[in-house]
Structure formats: C-alpha cells, structure tokens
Amino acid sequence: MDSNTVIAAVSIFTAGITIAIGSMGPALGEGRALAQALSAIAQQPDEASTITRTLFVGLAMVESTAIYCFVISMILIFANPFWNYFLQATPK
Amino acid sequence: MNMSPDEPLWQWEFLILNRTILFTWLIMGLLTCGSWLVTRRLSTSARLSRGQNLLEVLVSGLKNQIQDVSQQDPGPFLPFVGTLFLFIVVSNILSIVPGYEAPTSSLSTTAALATCVFIAVPIYGIASQGLADYLKQYLQPSFLMLPFNIIGELSRTLALAVRLYGNIMSGGVIGAILLGFVPLFVPILMQAFGLLTGVIQAYIFAVLAMVYIASGTQATHTLSEQPEENSKPNT
Numbered sequence: 001m002d003s004n005t006v007i008a009a010v011s012i013f014t015a016g017i018t019i020a021i022g023s024m025g026p027a028l029g030e031g032r033a034l035a036q037a038l039s040a041i042a043q044q045p046d047e048a049s050t051i052t053r054t055l056f057v058g059l060a061m062v063e064s065t066a067i068y069c070f071v072i073s074m075i076l077i078f079a080n081p082f083w084n085y086f087l088q089a090t091p092k
Numbered sequence: 001m002n003m004s005p006d007e008p009l010w011q012w013e014f015l016i017l018n019r020t021i022l023f024t025w026l027i028m029g030l031l032t033c034g035s036w037l038v039t040r041r042l043s044t045s046a047r048l049s050r051g052q053n054l055l056e057v058l059v060s061g062l063k064n065q066i067q068d069v070s071q072q073d074p075g076p077f078l079p080f081v082g083t084l085f086l087f088i089v090v091s092n093i094l095s096i097v098p099g100y101e102a103p104t105s106s107l108s109t110t111a112a113l114a115t116c117v118f119i120a121v122p123i124y125g126i127a128s129q130g131l132a133d134y135l136k137q138y139l140q141p142s143f144l145m146l147p148f149n150i151i152g153e154l155s156r157t158l159a160l161a162v163r164l165y166g167n168i169m170s171g172g173v174i175g176a177i178l179l180g181f182v183p184l185f186v187p188i189l190m191q192a193f194g195l196l197t198g199v200i201q202a203y204i205f206a207v208l209a210m211v212y213i214a215s216g217t218q219a220t221h222t223l224s225e226q227p228e229e230n231s232k233p234n235t
C-alpha cells in the first residue's frame, strides 16, 4: 500500500466512525429532550407554545454537534487537505 | 460533484462573480421589489390585497415571536431580526427552483450573517443599558469568568454560522449523492425534507439571534425581576 491508499482508507474509515459516534450522542440527547418536553406539555398544555419554542432552540443546539460531525466527515471524504498534498508530493 | 457555490462562474480581472453573490443579490432584489410593490399602495379598508395580507401576517407574527422571546418591546429588534429571518427563509425556500443554489449553503454567507449578530449584540446591549453596565456583564459571577465569557461569545457565533451552513449544505450534498444511485422519487422526498429543515433553520437562526440580543440587553435587571428567565439558553 502506498501512502495515498493509506490516506484514502483512513479517511473513509474515520468519516464513518465520525458520523456514527457523532449522531449517536445527539440522537440520545434529542430523544431525552423531546420526551421531557412532551411530558411537560401533557402536564401544562397552556404553556405549549413556550415549551415548543424552547424545545426547538435546545434541539438546534444539540443538533449542531451532529452537524459538526457531518461537516468533518464531508471534509474528510470530499475536501481532504492531506489528499491533495500527497497527490502533489508523490512522483508520477 | 459541486460542493460549494463559491466557485467562480465568471471572472474579469479582479472581479469574481460566483453563485453565492449572484443569488444573494437576486434574493435581495426579490425582497426589496416585493415589499416595495406591496407597500406602494397600502389600504386600511376591510378588503386588503393579498400581498398586504401576507406582509401583515409576517410582520405581526415576527413581532409576537420577538415579544415572546425577549419579553420587551419588539420595536427596535424587528428590523434586524426580521431581515435575518426573511433573507434566510427566502433563500432556503427558493432551493426548489432548478439551477438555484441557496447562498446559505456557503460558509461565507452564514459567517457573514453570524458576524452581523455578533456585532448587533453589543450594539443593542450598550444602547439599552450603557457601556459600563454592558461590560460589567462579562465579569458576571466573578472576574475569573472573563475569558470564558469571551470564549462563549465567540463560540456561539461560530456555532450559529456552522449550524446553518451544515444543515443547508447537507441537504444539497445528500440530494446529489442520492441522485447518483436512486434517481427516482427519493431525491424529491429529500427536497421536501430540505424545505422543512430550511424553514426551521431560518426560524432557529432568528430566535437564537433574538435570545443572544435579549441576554445582552436585560441580563442585569431581570435576575431580580424574573428569576425564571435564567432557564433560557445563553451559550
């Protein structure tokens, strides 16, 4: 295996791992938040609009960690900086 | 595959035109012309034109939301937050038009929008409570927290930019990947999902901007008046 193959394999593997772990945590957190919000709405239906808005804002914040992981894995696959560097450095 | 709308379309010496700039100006023109056409002849009679109805619903809805989030008079915040919301929502919804690429799927646009929020927070804060009181807020629990408050201010700006960019860009990229191996129907569903995400992200961007501005304008005096305000996210 030359260095380009190693970089490709490691990048793809890391992108998969990134998106797997990075979506697991936010999914658990969003599920918990949603369950709490639903039970809060069930107890106090009058406050539904406030609870829903706070829930949306909170979900957006939790979700941004998953979005970071997505951006990182996209960079690893489509815009890997090391890839271009080694393509230039390798003699044809 | 085309990752970013930032690649140059047309270049003349040092002038570069890319799709981000082109579509941003298109949206700006659309919003300006649309609101000019509607507000040219406003009426107070019982029969309103459709455009005026739409604009009134939008403006009063935005006012109510800002009022709810900030617990203050929405007047001074409406132009800024409303512009942010309208620009993002129009730029995301137009992505059903073929050939169009949302300028919000470029990190430069979202970083610019987040920078506007970053600058607006101290402006509104200083305008409402004075320079000394605003700066004192950075020393809030104790002076040891000063670096963390500054880091928090910077990181939430970064989070605002990356969140919008990641959400809109992911819609486009996943659509393009799916078009490669299931070209029938599935990309349409993803487009519909992208519309939903786009509108929700515009709402979230506006609400978060409002929460940040509100936390800058009322942090000192609400702690005594309204203790329940502490539960608001302020990072």
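Chains as they are written, first to last, in full-length UniProt numbering: chain A, 1 to 92; chain B, 1 to 235.
Each residue gets a CB set at the ideal place from its N, CA and C atoms; glycine is no exception.
Chain B contact residues for residue i, given Cβ-Cβ distances below 8 Å
i	result
Phe56/A	Ile200, Tyr203, Ile204, Val207
Ser64/A	Ala159, Val162, Arg163, Gly166
Arg32/A	Those do not exist, as Arg32/A stays about 16 Å from chain B at its closest Cβ, beyond 8 Å.
Ile67/A	Val162, Arg163, Gly166, Asn167, Ser170
Residue i, buried or exposed, once every other Cβ within 10 Å from all chains shown has been counted against 16
i	result
Phe77/B	buried
Asn53/B	exposed
Pro5/B	buried
Thr18/A	buried
Ile204/B	buried
Ala159/B	buried
Pro147/B	exposed
Ile66/B	buried
Gln11/B	exposed
Arg163/B	buried
Ser49/B	exposed
Extent of the continuous alpha helix (DSSP H) to which residue i belongs
i	result
Ile72/A	48-78
Pro8/B	Element bounds for Pro8/B: not the alpha helix (DSSP H) but the beta strand (DSSP E), 8-12.
Leu160/B	146-181
Leu139/B	Note, Leu139/B: premise wrong, no alpha helix (DSSP H); not H, not E.
Glu56/B	50-70
Leu28/A	3-43
residue 298/B	Since the first residue of chain B shown is 1 and the last is 235, residue 298/B is not available in this structure.
Ser128/B	107-129
Pro81/A	81-89
Partner residues on chain B for residue i, Cβ-Cβ distance less than 7 Å
i	result
Phe70/A	Gly166, Ser170
Ala8/A	Ordered by position in chain B, no residue passes the 7 Å Cβ test against Ala8/A, which lies about 17 Å from the chain.
Ala27/A	Neighbours of Ala27/A on chain B: none; closest Cβ ~15 Å, over 7 Å.
Contacts around residue i, its chain only, beta-carbon distance under 8 Å, and the 5 residues preceding and following it disregarded
i	result
Ala33/A	Leu55, Gly58, Leu59, Val62
Glu153/B	Phe118, Val121
Tyr212/B	Val117, Val121, Arg156, Asn234
Asn4/A	Trp83, Phe86, Leu87, Thr90
Leu9/B	Leu17, Asn18, Arg19, Leu22
Val207/B	Gln65, Val69
Proximal residues of chain A, C-beta to C-beta of residue i below 8 Å
i	result
Val211/B	Val57
Opening and closing residue of the beta strand (DSSP E) in which residue i lies
i	result
Leu15/B	15-18
Per-residue contacts from residue i into chain B (C-beta, under 9 Å)
i	result
Met74/A	Met3, Gly166, Met169, Ser170, Val173
Ala48/A	Simply none; closest approach about 13 Å.
Ala40/A	Simply none; closest approach about 12 Å.
Sequence-distant residues of its chain with Cβ nearer than 6 Å to residue i (five each side left out)
i	result
Ser231/B	Interpretation of Ser231/B is limited by its pLDDT of 49, a score under 50 that renders its predicted location unreliable; no figure is taken from the coordinates.
Pro81/A	none
Ser23/A	Ala66
Met28/B	none
Tyr138/B	Leu146, Asn149
Leu94/B	Tyr100
Phe70/A	none
Cβ shell of residue i (< 7 Å), same chain only, five flanking positions each side left out
i	result
Thr14/A	Leu76
Val6/A	none
Ala202/B	Phe85, Ile88, Val89, Asn92
Leu55/B	Ser35, Val38
Ala111/B	Ala161
Ala209/B	Val81, Leu84, Val117
Ala127/B	none
Gly61/B	none
Lys63/B	Pro74, Leu78
Heavy atom of the ligand SAM within 7 Å of residue i beta-carbon
i	result
Leu160/B	This structure lacks the ligand SAM, and indeed carries no ligand of any kind.
* To do: Report yes or no: do the stretch 67-74 of chain B and the stretch 97-111 of chain B share at least 3 C-beta pairs separated by less than 8 Å?
  => Fewer than three beta-carbon pairs drawn from the stretch 67-74 of chain B and the stretch 97-111 of chain B are found closer than 8 Å, and the two stretches are therefore not classed as touching.
* For the 8 Å Cβ check, are there 3 or more pairs between the stretch 16-31 of chain A and the stretch 64-76 of chain A? -> Touching, yes, given that three or more Cβ pairs across the two stretches are closer than 8 Å.
* **the stretch 121-136 of chain B / the stretch 183-198 of chain B touching (three or more Cβ pairs under 8 Å)** => The stretch 121-136 of chain B is not in contact with the stretch 183-198 of chain B.
* For the 8 Å Cβ check, are there 3 or more pairs between the stretch 17-34 of chain B and the stretch 91-102 of chain B? -> Yes, since at least three Cβ pairs between the stretch 17-34 of chain B and the stretch 91-102 of chain B fall closer than 8 Å, the two stretches touch.
* Asked: Is there contact between the stretch 189-197 of chain B and the stretch 165-174 of chain B, where contact requires at least three CB pairs shorter than 8 Å?
  -> Yes, the stretch 189-197 of chain B is in contact with the stretch 165-174 of chain B.
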